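**Q**
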Amino acid sequence: MKTLGDVRPDLGRRPLSNLHELLTNESEFSDIDLVRNFQFLPYQIKLLNKTTLKDLIFVSSKENLTANTTTLAYITEHLVQQVERLYVYYKSNEARKEFNITFEEIYKSVNLTKDGFLNSKFSVIENIRKQMYIKRYVNNLQMYRDTLMTYKLGLSVMFNISQIKKDLNKPADDLKKLDNKSLKQILVKHNQQLFTKMLSIRNMSSFFEISLEKLKNMTVGNVLTEYLNIKLTTFASLHELTGREIDVVKMKKISTVPYPDDQNLYGLVMKMLEAHGSSFACGVRNENSRSRRKRVIGGREASKNSWPWIVNFIDSNTREQYCAGAIIERKWILTASHCFVLSEESILPLSNYTYHVGDHKLNFTDTHEYTIKASKMFIHPQFIGGTDNEPGDYDIALIELARPLTYSENVRPVCLVEDREIFVNDTCYVTGWGNNINAEDYHRSPVLKEAKVDLVPLDECNSNTSYNGFIPDRFICAGFEEGGTDGCHGDSGGPLQCDRNGSWVQIGIVSWGIGCAEPNHYGVYSDVQSLLPFINAIKSGPNMNLTTYYLSTLKEVIPRMAERPSKNLHALLTNNQLFSALDLVRNLQVFPYQVKLLNKTTLMHLTFVSDEHNLTGNNTMLKYIAQIFLHQTDRLRMYVKSIELAKELNISFDDILQLSGLTKQVLLDSKAEVLERVKKTVQINNLLGKLTEYKTSLMTYKNNLQISLDVMKIRQHFNRLSLKKINSTTDKELKQILVGENKMIFTKTLSIRNISTFFDVSRASLKEMTVAHLLTQVLSISLENYTTLHMFTTHQLEGIKDVKISTVPSSDDMTLYEITNAILQLRTVKKCSESSCSKNAECIQHSNYSISCRCKKGYISNGFNCDTGNTIFSSELVLNQTFTESLNNPNSAEYRNLAEKIQNALTSAIRKENNFPGFLGCQVTGFIKGSVVAQYVLIFQLQESETVNASKLALVVVAAVRNGPLAIPVVSSRPIKTADFCSLGFHSCHMHATCSIKDGIVTCTCKENYYGDGESCADSCGQRQCPVHSYCFRRLNGQAKCICEPGYTQEEKGCEKADEDFKTALIIVSCVTGTLLLLTLMVCWYQYCNKNRKKSLEMTSTTVANKGSENAGYDTMNMDNL
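Take a look at the structure:
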C-alpha cells in the first residue's frame, strides 16, 4: 500500500496532481486496469484526465487527502464515491469559464447550497447555462430596445420579458449559437407594426448594421423575410393588404421609390401601389365632374366623391350634421377633439354620431354612401377646449373603426403631412358641410362644399390686427386678410388639405375661429405635422412596455405596505412618469379630465370610493387597479370634488353627507349639482349667521327694540338665487334684507345716527342725501312701500324729493318719518280753495299737504278738464268677486283699481269697433253688493244726425266681457239702457227739489212751499213757531212771518182779540193804505222794468251734472225794502 508520501514527495505540488496520472502511476497502468479494478465508465475515465486532487478535496471536503500517510487506495475509494459530484463540479467549471462567474454564483443562481448543487443532476448545469444565456440575451435585447427608442421621439417598443423568455426557451447549446441578427429578430417579432410602419429604411440599416445601399437594392419581400423574419402573408394581414396588392409590390426593389431612405416599409408599399395606379393610394381625388358655384362662404359645391376621404358625422338623435373627419388609414379617422369633448365633464360617446363615407348630399343616401362603425376614440391627453376668444390647444382625436374599410375610387385615404415637410405657396382647400352663412344657428350646406384658402404664417395670424398672440404653436392659419372664405360651424374636424405633386396631403384639422370668414380673422386649424407623434403613437397600438408593467403586483412596485395607500395614482400607473399621459391614452383610452384626476388622487381614495379593500394587497396587480380606476372614474371625481369643497368650506366629508342628506354611495353616484346645493346651503347658513349678528347689534341701539328675523323666509329667498349671486352678496345687501324685515323700525324708530352706525356710512354722507335717496339706495325700501307704510301720498313725497335731510335742524337723532314730516311742514300747504280743479270736478283734500281732483259722475277726464256728452247709456256688470267695505269708498285703492280696469277694458273695446261716433268714454259710478255689481255709464257727444245702436253696443260690451282683457272674471252683463243725469241721480238737486233736463242742462226747482236755489231748498215756516192765534206767512223772498188770525191784533205778548169799532176802522184804513201801496208799487215796477230790460224778472236755478251748478236764481225784489 503506497502512500502519497511515497509517490508524490513534493507536498506543494500534491493538490495539483492529475488524478488519472496519480491512479495509473504515470500511465504505468492502463485505462483497462481502472475498469477492471474500479468499474469506471468511459466518461469517468475522461473526467480523471481533467481533474486534480484539489478538485476531489473540494467536492469531498476531505482535507487529509493530501497528507503523507494517505494511501492511494483511500484516494481511490473516495474518488469512486465522489465521481458524480466531481463530474457536476467539472461541468460547472465549464459554465463558470463560459459566463465568467464564480462557482458560488452558479449554485446560488438555482437557490442551492454547495453540497445540494454537487449532489444534483447534470441537467441542473444545463438549466443554469440556459438561464444564463437567456439573461444575457434579455439584457442585449433591452439595449437593442433602448437603441430603437432613440430613432424617433415618443417611440414605444413592446418588451414583454415573459414572452421573450418563452421565445428563448431552447437548449443551452442552441442558445449559444444565436447571433445578433437572430436575437434582433425576436424583438421584431413583438414589434411588427413598429418595424414595418414606424421605422424608416435608414433606421433598419442602422439597427441591423447593414449598408443603406444594400437594403435599397432589395425588394420589400426580401427585407421582410431576410432581416425582419416576417412573411409576406403576415405583412399583408397586418396592414389589410390584398393578395393582388402584395403581388404588385413583392418583386419591386426599394430603390424604385423616390427618396426611400426616410420612409418605412408600409409607406414604400403605398408609394409602389400609387405608382401602379391602385385604389389604395392616398391623396388621389376622384374628379368626375366640374365643381359648381354654390352659396357657401366663399366656396363652391364640390364634385360628387371628389374628396373621397372625408367622413360626415351625423347626430344619431336629431339627424343633423355636426362634424367631419378624414380617412387616414383603413381603420383610422382623424378628427377634432372638440367634436366629442363639450366640456371637462361632458364628453359625447362614439354612439352620439353615425359616420358616413362616400357622402355628398345631406339627408339623402348617395350612390356610394354607407355608414361605418366606430369602436374606439382617442382624445389627446393635453386637449384644452376653445373659448370665444381663444382656440384652446391640442385639438385632435383619432377614431378606430370596428372593421377595416374597403377602398375604392370613392372611398380612400388622404395622405398625412410628413415630418419636416414644408408647405408655403401650395394650393390648399378646406372641405365640409358647415354653415354657408356666418351664424351659429343651423344653416348647413345641403351638399359637400370646398373652399380654396391661402396658408398664413403664424406670426401674421398672431399679429395685433388678427388674433393678438392667442394662437399656440400646435395650430396653423389659413384664409384671407379681407375674409370672405373660410370653414364654419359643422366643418369642425374636417381636413385642410394641400396638393403635393398631384397627391393631396392633410396638413390641418378644422378647429376654431372668431366668426366665419370675417376680415382679419383667419381660420385656425390643428397642425397635423406638430401632432404626428400623437397620431403615430395611437396607430401603433398599446405601449406593450406599459402593458407588461401593469402585470406587476404592488409588492413588486411598492414593497412597503405602509406607503401604498398614499401613493399617487398617476405616479403609480405611469411608473413615476416613466410612461407618459399619451401611453395612458393608448392603453386605457383615458380622457384629459381622467389624466388630471389621476394627479389628484391616491390609492386610498380609490379604495374609499370603490370599497375594494384588497387594492393595497401584496398580490394586487396594477392592471386590476387601472381597471377599477376606469370603472370608478365618475365616483372618484365626485369624491375629489367633495373633499375640495370640504376644504374650501372648512368642513369634513361627513358634514357634506349630512348637509346633502345622502349616504356615501348615493352621493358618489350623484351629479355635481348635489355639491352645488351643499355649498349653497353652507353659504346660506353663513349669511344667516351674519344676519343674526346684525340683529344682535341692532338691539343694542335702543332699549326693548324688537327686531324681526324670519329665518325660514330668508332661507327661501336665498334658495331662489343662484350660487354665484349668493357668493356675491355684500354686507350692505345682507343688512338691507334685515331692513326689509323691519321697515317700520328703520324708518320710525332708528335715527340717522343709528343708520349711520349700522351701515358704516358717515352721518355727513347720509344728511347730504334726500329722504328718497336714503330709502332706495341705503335701506332698499321703495317709495311706494314707504308711502303705504306711513300713509304718505305720492304727492307729498313728490314735493320733498329734492330736499336734503340736512335742511332739517338736529336731524342726527331724528327718524326718517320725523324728518319727512318736518320737511313737509316746511313746504307750502296746498288746499282745495287754491286748486285748479274743473268746475265739474270735486276736490279731495288728502291731508294738509296734498289734494286731488276727480270728475263728478257723468263727466270724463283727469279732474282738471271734465267733459260730458248729450247721450248716456247705463248698465251693470256682475263680477265673481267678494264685496269688501273699501268698495263703498271711491277714494280707496281697491275701488280705484277695479274701476280703472273696467273703464279701460270697455273703452278700448268700443273704440276698437269704430262704429260708435261721438263716444267719449266709460265711467264706473259705483259698486253695490250682490257678489260685486259694478254700475257704469257710457257717454256720447252726438251730432244732430248721429245715433247710437244700443243693441250693437250691448253686443260689443258682452264680447269685451267674455273675451276681452279684463283680469277679473265676469258672471254676467246686464242690459244697456238709455239714461240721463236726472234718472241716474247725477245732479245736486235738493231732496225737496225737482230735477229737469233740457238741451243737456239740468235744472233744479224747489217744490211747493220750499224756497231756495234748487240745490238747497228750505221751508221757512217749517222751522218757525208762531204764537197762539197766529199763523206763518211765507213771503216772496222765502222769509216767514207770523200773522195774527182775523179778529186778533199784534200785541207785545202775542195776538189779542181786537174791539169791533177798532176793527172796522182798521179795515177801512188798511184798504185805503193797501190801495195807495198798490198804486205806488205799480208805478215803481213800471220804472224798474224800463231800466232793466235786459234782466229777467225771474231766473231759474240750474245745476250742471253734478259738477256744482251754475245757478240763475231769481232776482227777487225785497218787498219789505220797497
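Position in the sequence shown (from 1) plus 182 gives the number in the numbering used here.
Where is the CB? At the ideal position from N, CA and C, for every residue including glycine.
This one's a predicted model, so the numbers in the text were calculated from it and none came from an experiment.
State the CB to CB distance for the pair P531 and W694, rounded to an integer number of angstroms; the pair is presumed to be in contact (CB under 8 Å).
**A** Rounded, the Cβ-Cβ distance is 23 Å, inconsistent with contact.
**Q** Figure out for me which residue from N404, N1079, K949, H520 has the closest Cα to the Cα of F773.
**A** Comparing Cα positions, the closest option is H520.
**Q** Taking 8 Å as the threshold (C-beta atoms), are L804 and S910 in contact?
**A** No, the pair does not count as a contact, with Cβ atoms beyond the cut-off.
**Q** Could you please give me the residues that DSSP links to A1200 through a beta bridge?
**A** In the DSSP output, where bridge partners are listed per residue, A1200 has Y1193.
**Q** Could you tell me which of E511, E456, K558, I581 sits nearest to A518, measuring between CA atoms?
**A** The option with the nearest alpha carbon to A518 is I581.
**Q** Where does Q367 sit, in a helix, a strand or coil, going by DSSP?
**A** In the structure shown, Q367 sits in a helix (DSSP, three-state: H, G or I).
**Q** Who are the Cβ neighbours of Y326 in its own chain at under 8 Å, not counting the five residues just before and after it?
**A** The residues are L365, K366, L369, F389.
**Q** Using only the alpha-carbon positions, how far apart do E591 and I825 sit?
**A** Using only the alpha carbons, I get a separation of about 57 Å.
**Q** Return the chain-ordered list of same chain residues with a C-beta closer than 6 Å to the C-beta of S1043, the five sequence neighbours on each side being excluded.
**A** Closer than 6 Å at the Cβ level, and outside the excluded window around S1043, lie C1037, D1049.
**Q** Against chain C, does N1191 count as a neighbour if the rule is that its beta carbon must be under 8 Å from one of theirs?
**A** Chain labels in this structure do not include chain C; a single protein chain is all it has.
**Q** Are there three or more Cβ pairs, one per stretch, closer than 8 Å when the segment 1114-1128 is compared with the segment 1089-1106?
**A** At 8 Å Cβ cutoff, the stretches touch.
**Q** According to DSSP, is L932 part of a helix, a strand, or is it coil?
**A** In the structure shown, L932 sits in coil (DSSP, three-state: anything other than H, G, I, E or B).
**Q** Under 8 Å by Cβ, that's how I've got S1142 and A1087 pegged, so tell me the actual separation to the nearest angstrom.
**A** The question names Ser, but residue 1142 is Ala in the sequence shown. Right, their Cβ atoms sit about 6 Å apart.
**Q** On the DSSP letters alone, give me the boundaries of the beta strand (DSSP E) that Y537 sits inside.
**A** Note, Y537: beta strand (DSSP E), 535-539.
**Q** Is V1265 buried or exposed, if buried means 16 or more other CB atoms sit within 10 Å of its CB?
**A** Per the 10 Å Cβ criterion, exposed.
**Q** Taking a contact to mean a Cβ-Cβ separation below 8 Å, would you say L713 touches I566 in this structure?
**A** Cβ atoms of L713 and I566: not closer than 8 Å.
**Q** Under the assumption that S834 contacts V856 (Cβ atoms under 8 Å), give the Cβ distance between them as a whole number of angstroms.
**A** Not really, about 16 Å apart at Cβ, beyond 8 Å.
**Q** Name the residue from V921, Q1105, K543, Q564 whose alpha carbon lies nearest to the alpha carbon of A763.
**A** For A763, the nearest C-alpha among the options comes from Q564.
**Q** State the DSSP-derived secondary structure class of D349, mapped to helix, strand or coil.
**A** The answer is helix: DSSP assigns D349 an H, G or I state.
**Q** Within the chosen definition, does the segment 678-696 reach the segment 600-610 through at least 3 CB pairs nearer than 8 Å?
**A** Touching, per the Cβ criterion.
**Q** So is A854 buried or exposed if we call it buried at 16+ other beta carbons inside 10 Å?
**A** Exposed is the call here.
**Q** Starting from L870 and walking both ways along the alpha helix (DSSP H), at which residues does that stretch end?
**A** Element bounds for L870: 855-880.
**Q** Counting along the chain, where does the beta strand (DSSP E) carrying R1206 start and finish?
**A** Here R1206 belongs to no beta strand (DSSP E), and DSSP marks it neither H nor E.
**Q** Tell whether a beta-carbon distance below 8 Å holds between I934 and M881.
**A** No, the pair does not count as a contact, with Cβ atoms beyond the cut-off.
**Q** On the three-state DSSP scale, how would you describe W1267?
**A** DSSP places W1267 in helix when its eight states are reduced to three.
**Q** Write down every uninterrupted run of the alpha helix (DSSP H) in the segment 216-280 whose length is 4 residues or greater and which is fully enclosed by it, in chain order.
**A** The qualifying runs are 224-232, 235-242.
**Q** From this set, F211, N246, L1059, K228, which residue's C-alpha is nearest P197's C-alpha?
**A** If we check each option's Cα against that of P197, N246 comes out closest.
**Q** With V292 and F299 assumed to form a contact (beta carbons below 8 Å), what rounded beta-carbon distance in angstroms separates them?
**A** Contact holds; Cβ gap of about 7 Å.
**Q** If you run the structure through DSSP and keep just helix, strand and coil, what is S1056?
**A** Correct three-state label for S1056: strand.
**Q** In whole angstroms, what is the alpha-carbon distance linking C597 and T549?
**A** Between C597 and T549, the C-alpha separation is close to 25 Å.
**Q** May I have the straight-line CA-CA distance separating T295 from N207, to the nearest angstrom?
**A** T295 and N207: Cα-Cα distance of roughly 35 Å.
**Q** Identify the continuous alpha helix (DSSP H) that holds D913 and give its terminal residues.
**A** Taken as a continuous stretch (DSSP letters only), the alpha helix (DSSP H) holding D913 covers 913-923.
**Q** Buried or exposed for Y441, going by 16 or more other Cβ atoms inside 10 Å?
**A** It counts as exposed.
**Q** I need the straight-line Cα distance from I720 to L337, nearest angstrom please.
**A** Roughly 11 Å between the two C-alpha positions.
**Q** Can you tell me whether R311 is buried or exposed? The criterion is at least 16 other CB atoms within 10 Å of its CB, across all chains shown.
**A** Counting Cβ neighbours within 10 Å, R311 comes out buried, since at least 16 surround it.
**Q** Tell me, which residues are paired with I525 by DSSP?
**A** The identity of residue 525 in the sequence shown is Ser, whereas the question assumes Ile. S525 pairs with S528.
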